[in-house]
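Let me begin by presenting the structure, written as structure tokens, before commenting on it.
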Amino acid sequence: MQQEVFTSAAADGATAPIETHAVIIGAGPCALFAVFELGLVDIETHLIDILDKPGGQCAELYPEKPIYDIPGLPIVTGQGLTDRLMEQIEPFSPTFHLNQRVDQLERLADGRFRLVTDLGQEFITQLVVVAAGGGSFTPKRPPLQGIEGYEGTSVHYSVRRIEDFRDREILIAGGGDSALDWALALQPVAKKLTVVHRRDKFRAAPDSVNRMLAEVDSGEMDFLLGQVTALHGDNGQLEAVTIRAKEGESRFECDTMLPFFGLTMKLGPVADWGLNLHQNLIEVDTEKFETSEPGIFAVGDINSYPGKLKLILSGFHEAALMSQAAHKIIYPDQKLVFQYTTSSSSLQKKLGVR
Amino acid sequence: MAKITFIEHSGAEHTVEVEPGMTVMESAIKNDVPGIEAECGGACACATCHVYVEDAWRAATGAPEEMEEDMLDFAFEVRESSRLSCQIKVTDALDGLVVRVPEKQF
Ligand SMILES: Cc1cc2nc3c(=O)[nH]c(=O)nc-3n(C[C@H](O)[C@H](O)[C@H](O)COP(=O)(O)OP(=O)(O)OC[C@H]3O[C@@H](n4cnc5c(N)ncnc54)[C@H](O)[C@@H]3O)c2cc1C
Ligand code: FES
């Protein structure tokens, strides 16, 4: 389910560099709570996530499953927790930059940081909070022999521009929302479009299923029952695939394939930023949750320290302590007074409850 | 205790002792059986604990429920005998169960 996001900047095409106090890499539960803790100490935040929605694993992997160990919430679903966090951080109006991955992170001569996403959006920021969880959500690659060789030319896991698929003979593999949505979107430009799925049931929005079945009935697109087991072609150009069905194997001609088999988490670019890693996790201290690079913090599942538990509540605690250190960087001359949200009128003003 | 045998694609066999109540996936992870990844820890949310149940055991293990059947869409080379091993609870009736591990999880 697509959830409403306060402000979502430039989904397509980059704008001028964005200057800010803090960029949070990831928009999972720990990132969201970091917005709250940073907001309490007057630090403004921009969040970047490759997913099309906030909530990280909670929203993508188990939106409807119950979580029982969030303090004070005896039972809450993954989506429910995400919604509550979004409500909690609303007073701080963070900006979300979704559907894009942070590829580069480097320090500038003046001590600030420059980040660049895969869409070319640039950020200049005083501090960075890596809340990348288990890494970037990445489309699953079917373990078909030689598939790497076709990627980017004939095999695609996402569509940036529909026009790039004009006059192609497209095979879409899968039966979920992404498979059907893209089948419907690409059908008008494709020379021929076929959906191949292992069964005749689709785990997708009923409306998309009905529209797809109607187009199959009218002959605008084709549907095949089966699974792709091999790719055939040359030099990155797909010519056909083998499809295995109940009746046996057959060859099916197509020049383009889009497999949609869900997402998995891959560490991704986090590994390239020169941070000290320990078994693919970012090493931090337990006072400030700062990485080996001053000014770059890491909270949530992505960090590592003695005794670390990959639990949401650990990430919440880490965000609170990290924010104290972050305040010193953004406001070096200000003394931070410890305050409770219950009684501090200045905190309540920030939260908009006073 | 129930005995469960995992047969890898290469033919290598691993027989493990399992306490009833655990899932087949958990018994594989606990005993380091190769080829069962279980990225989501048994939440039926990743399909990387895919196994093929040997024919003789298919009646005893039963058919996947709807959520599991949906998740199997995200597994590779799904067959009639495919199950997600995190959704098979071990009982005494499954003592001797044999499952095959696919060549690749996604
Ligand atoms: C099925 C399941 C059940 C769970 N149950 C519980 C439970 O009961 N209790 C509990 O405490 N925990 C539970 N967890 C674990 C919990 O979900 C994680 O601890 C939590 O999601 C970690 O939050 P996070 O914000 O650190 O990262 P994540 O939720 O992993 O989010 C990280 C985000 O960062 C994004 N990202 C990474 N790199 C980049 C990049 N370079 N550019 C852009 N975006 C990037 C990713 O796409 C992702 O959306 C469960 C997990 C699963 C899978
Ligand atoms: S462990 Fe993830 S689906 Fe079974």
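Chains as they are written, first to last, in the working numbering: chain A, 7 to 360; chain B, 1357 to 1462.
From the three backbone atoms N, C-alpha and C, an ideal C-beta is built for every residue, glycine too.
As the structure is a computational prediction, the values presented were derived from the model and not from experiment.
Residue contact with chain B for Leu230(A): absent (no Cβ-Cβ distance below 7 Å to any residue of chain B). Burial check for His284(A): the Cβ neighbour count within 10 Å stays below 16, so the residue is exposed.
Under a criterion of Cβ atoms nearer than 7 Å, the residues of chain A adjacent to Ala1401(B) are, in order, Leu67 and Tyr68. It is roughly 16 Å from the alpha-carbon of Arg172(A) to the alpha-carbon of Gly158(A). For Ala1403(B), the shortest C-beta to heavy atom distance toward ligand 2 is below 6 Å. DSSP places His323(A) in no beta strand (DSSP E) but in the uninterrupted alpha helix (DSSP H) bounded by Ile318 to Ile336.
Secondary structure at Arg360(A): coil, using DSSP grouped into helix, strand and coil. Scanning the region 1363-1422 of chain B from its first residue to its last, the whole alpha helix (DSSP H) runs of 4-plus residues come out as 1380-1386 and 1414-1417. By the Cβ neighbour-count rule, Lys197(A) is exposed, with fewer than 16 other Cβ atoms within 10 Å of its own. Around Gly182(A), the beta-carbon contacts reaching into chain B at under 7 Å are Asp1429. Judged by DSSP in its simplified three-state form, Asn309(A) adopts strand. Bounds of any beta strand (DSSP E) do not take in Phe1462(B), whose DSSP letter is neither H nor E. In the DSSP annotation of this structure, the continuous segment of the alpha helix (DSSP H) that includes Arg217(A) starts and ends at Pro212 to Asp223. Contact of Gly268(A) with chain B by beta-carbon distance below 7 Å involves Phe1430. Just so you know, the alpha carbons of Thr1404(B) and Leu1440(B) end up roughly 8 Å apart. Between the region 229-248 of chain A and the region 279-294 of chain A, the count of Cβ pairs shorter than 8 Å is below three; the stretches do not touch.
Look at Lys198(A) here: in three-state DSSP terms it is strand. For Asp1426(B), a Cβ of chain A is located within less than 7 Å of the residue's own Cβ. The beta carbon of Gly1398(B) sits closer than 6 Å to at least one heavy atom of ligand 2. DSSP places Val41(A) within a helical segment (H, G or I) once states are collapsed to three. Near chain B, meaning a CB-to-CB distance below 7 Å, the residues of the region 141-158 of chain A are Lys146, Pro148 and Pro149. When CB distances to chain A are screened at a threshold of 8 Å, not a single residue of the region 1438-1458 of chain B falls below it. Under the criterion of beta carbons closer than 8 Å, Thr1371(B) and Thr1379(B) do not qualify as touching, at roughly 17 Å. Membership of Ile176(A) in the beta strand (DSSP E) is indicated by the continuous run Glu175 to Ala179. For Met92(A) and Lys1445(B), the gap between their C-alpha atoms comes out near 37 Å.
By the criterion of a C-beta distance shorter than 6 Å, Asn286(A) is surrounded in its chain by Leu273, once the five residues flanking it on both sides are discounted.
Judged by DSSP in its simplified three-state form, Ala138(A) adopts coil rather than helix or strand. Here Glu154(A) is exposed, its C-beta having fewer than 16 other C-beta atoms within 10 Å. The beta carbons of Thr26(A) and Phe98(A) sit about 13 Å from each other, so the pair does not count as a contact at 8 Å.
If only complete runs of 3 or more residues are kept, the region 265-309 of chain A shows the beta strand (DSSP E) at 269-272, 287-289 and 302-304, in order along the chain.
Comparing alpha carbon positions, the residue from Arg120(A), Thr262(A) and Thr270(A) closest to Leu67(A) is Thr270(A). Neighbours of Gln233(A) across chain B, judged by C-beta separation under 7 Å: Glu1433 and Val1434. By the Cβ neighbour-count rule, Met1381(B) is buried, with 16 or more other Cβ atoms within 10 Å of its own. With a contact defined as Cβ atoms closer than 8 Å, Asp124(A) and Gln106(A) qualify at about 6 Å.
When DSSP states are grouped into helix, strand and coil, Ile1360(B) belongs to the strand group. For Thr26(A), the enclosing beta strand (DSSP E) covers residues Ile24 to Ile31.
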